[in-house]
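Chains as they are written, first to last, in the numbering used here: chain A, 8 to 264; chain B, 8 to 21.
Even for Gly, the Cβ is constructed at its ideal location relative to N, Cα and C.
Please read these numbers as outputs of a predicted model, since none were measured by experiment.
In structure tokens form, the structure reads like this:
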């Protein structure tokens with residue numbers, strides 16, 4: 008028996024919005040420690056890794072490890088039927104071929120349930136090596152989304168250059184060149200407005216704008232985003248999900264042809 | 008000129 012309950016459906020809606028542009032379907036691996044999802048996008052350029060800890064749920068029970076393959080378009084249709092403040096419960100029997108998603112209004116006067124067919128997905132799990140990153144940048148998630156959106160107008164690629172002075176995002180194309188520099192913030196009143204750079208050595212890497220823009224669909228989940236970079240390895244873009252877990256996106260760099 | 012690398016160039020199958 009698997010049962011996981013969250014106080015607000017809005018969290019699950021935001022999580023789905025953060026992955027459904029990259030993935031058509033995905034396997035949710037459930038165990039007593041929580042829910043994990045790892046999947047590559049269709050073109051095998053990026054990898055999405057979602058971790059939801061069992062202690063972040065209002066109620067969590069998972070007697071046997073369970074892998075639930077879900078069509079994310081179908082899940083989105085079901086979640087559209089929930090009000091943001093509704094409680095949401097996911098339930099499945101051991102070895103079931105369906106999952107039940109139930110919404111309850113705060114006053115318990117409306118209860119709806121949706122049974123969704125599960126899929127058998129033949130998904131490859133990748134081993135992600137431990138990396139000592141050369142640069143780790145923490146910045147407001149909204150600012151990162153704005154930069155990715157703005158620079159995508161000028162080129163398919165963005166160059167991220169990180170030094171101890173700051174981080175520079177550049178794009179160059181037919182229109183010309185765009186550069187956005189962010190300096191590390193001195194003192195800020197609000198922690199969520201800070202730009203913090205931890206640098207071991209400077210790094211310059213090139214990434215495809217369309218994936219970065221897809222990752223920024225996670226912006227509503229978190230006030231801050233963390234970018235971890237190292238020469239010739241994938242960029243890690245991480246959004247914390249408060250008291251519940253995190254979503255990490257790994258993006259392979261563009262390399263010299 | 009740059010070309011897009013694949014994620015499996017970096018991460019191995021488990």
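When the five nearest sequence neighbours on each side are left out, the beta carbons in the same chain lying within less than 7 Å of the beta carbon of residue 122 (chain A) are those of 105 and 107, in order along the chain. Its chain contains 175 and 211 as the residues whose beta carbon lies nearer than 6 Å to that of residue 168 (chain A), once the 5 sequence neighbours on both sides are disregarded; these appear in chain order.
Annotation: the continuous beta strand (DSSP E) that includes residue 214 (chain A) extends over 210-215. In this structure, residue 189 (chain A) lies near residue 202 (chain A), with their beta-carbon atoms less than 8 Å apart. With a beta-carbon spacing of about 25 Å, residue 251 (chain A) and residue 14 (chain B) fall beyond the 8 Å limit used to define contacts. Per DSSP, the beta-bridge partners of residue 12 (chain A) are A:66 and A:96. Inclusion of residue 244 (chain A) and residue 228 (chain A) in the CB contact set at 8 Å is not warranted, their separation being larger than that value. Secondary structure at residue 150 (chain A): helix, using DSSP grouped into helix, strand and coil. The DSSP assignment places complete alpha helix (DSSP H) segments of no fewer than 4 residues inside the segment 15-61 of chain A at 16-26, in order along the chain. The three-state reading of DSSP puts residue 247 (chain A) in strand, counting E and B together. Restricting attention to beta strand (DSSP E) runs no shorter than 3 residues, the segment 100-144 of chain A encloses them at 105-111 and 118-124, ordered along the chain. Put simply, the segment 8-23 of chain A touches the segment 63-83 of chain A. At least three CB pairs are less than 8 Å apart. Spanning the alpha carbons of residue 119 (chain A) and residue 131 (chain A) requires a straight line of approximately 34 Å. DSSP places residue 255 (chain A) in the strand class (E or B) of the three-state scheme.
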